[in-house]
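Student: Before we start, here is the structure in question, set down as structure tokens.
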Amino acid sequence: TVDEWRFDAFKLSDVTQGHPLSTLGFWLMKRFDLIDTFHLDATRLARFLRKIEDAYPDNPYHNKTHAADVLQGMHVLLTRGGVLQRLGGTQASPPTPPLSTVLCADPGDDGGLDGPSTSSFTHVASCPISLSRTSEWRELLACYLTAIVHDYEHVGRTNDFLVNSTDPLALRYNDRAPLENHHLAAAFTLLRRPEYNFLSSLPKAEYDKLRKTIIDLVLATDMKQHFAI
């Protein structure tokens, strides 16, 4: 299941007809009540997730199936690795709602919505996690969004290759984590477009904190930063 380490992201890609990231992303947001907690626009969220997913190139490794796998791994770290508990959450253990209830979402169900159908998620039960402060829910949302966008528009090369070949991305970001900086800048640029801005109702102070956390987390995926951790 989604809550176990043994998870087949390739099978998820098959049963979602090539949309593992957007389906899993929306399902987790719904399951954790993040949409209601932060008054997210569900239609724009679905549209954003599909757009992000579609921009993952067909790389041998850094592709949308990899992103879905990372998202599921992040979820297990949060819920079974004790991360949420350290944030102040408590976890019960009722049955997990099956992901299969939303795997056949029809993108056309919401009036031409370019993303997973929000109506297909109506039977997803909320997750048995209780967080006491808004900051804890915000960090949970940030972790999920980080996993979703962490390799957005990946070019299929390493940072060292980009720097050594004086690639435009390396020049733009002064040889400092060009890939990670691009993933972030491109994702937040997409979020500025009204049709994808599912965070439009979030107060600026909350948005700024969310953005900072996502930036810190994605930049930390640069392998060169691991030696400093």
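Residue 197 in our numbering sits at position 193 of the sequence shown; the count goes up by one each step and never skips.
For glycine and all other residues, C-beta sits at the position ideal for the given N, C-alpha and C.
Everything numeric in this text was worked out from a predicted model, so none of it was measured.
(1) In three-state DSSP terms, what is Gly85?
(2) Just how far apart, CA to CA, sit Leu25 and Lys68?
(3) Would the beta-carbon of Leu3 fall within 8 Å of that of Leu75?
(4) When we look at the beta-carbon of Phe14 and count the other beta-carbons within 10 Å, is it buried (16 or more) or exposed?
(5) Taking the alpha helix (DSSP H) that Asp220 belongs to, which residues open and close that run?
(6) Please determine, among Ala209, Asp164, His186, Ala224, the residue with the shortest C-alpha to C-alpha distance to Arg142.
(7) For Phe57, which residues of its own chain have a beta-carbon under 7 Å away from its beta-carbon, when the five flanking residues on both sides are left out?
(8) Given a threshold of 16 other Cβ atoms within 10 Å of its Cβ, counted over all protein chains shown, does Arg180 qualify as buried or as exposed?
(9) Which of the three DSSP states is assigned to Asn201 in this structure?
Tutor: Reading it off the structure:
(1) If you number the sequence shown from 1, residue 85 lands on position 81. Gly85 falls in the coil class under three-state DSSP.
(2) Taking the sequence shown and counting its residues from 1, one reaches residue 25 at position 21. Taking the sequence shown and counting its residues from 1, one reaches residue 68 at position 64. Leu25 and Lys68: Cα-Cα distance of roughly 6 Å.
(3) In the structure as shown, the chain begins at 5 and stops at 233. Residue 3 is therefore absent and cannot be evaluated.
(4) The residue given as residue 14 occupies position 10 in the sequence shown. By the neighbour-count rule (16 or more Cβ atoms within 10 Å), Phe14 is not buried but exposed.
(5) By 1-based counting over the sequence shown, the position of residue 220 is 216. Its alpha helix (DSSP H) spans residues 208 to 223.
(6) Walking along the sequence shown from the start, residue 142 turns up at place 138. Of the listed residues, the one whose Cα sits closest to Arg142 is Ala209.
(7) What you label residue 57 is simply residue 53 of the sequence shown in a count that begins at 1. It is worth fixing the name first, because residue 57 is Glu in this sequence and not Phe. Excluding sequence neighbours, Glu57 sits near His23, Leu25, Ser26, Lys68.
(8) For this step, residue 180 is matched to residue 176 along the sequence shown. So Arg180 ends up on the exposed side.
(9) Counting from 1 along the sequence shown, the entry for residue 201 is found at position 197. Of the three classes helix, strand and coil, the one that applies to Asn201 here is coil, per DSSP.
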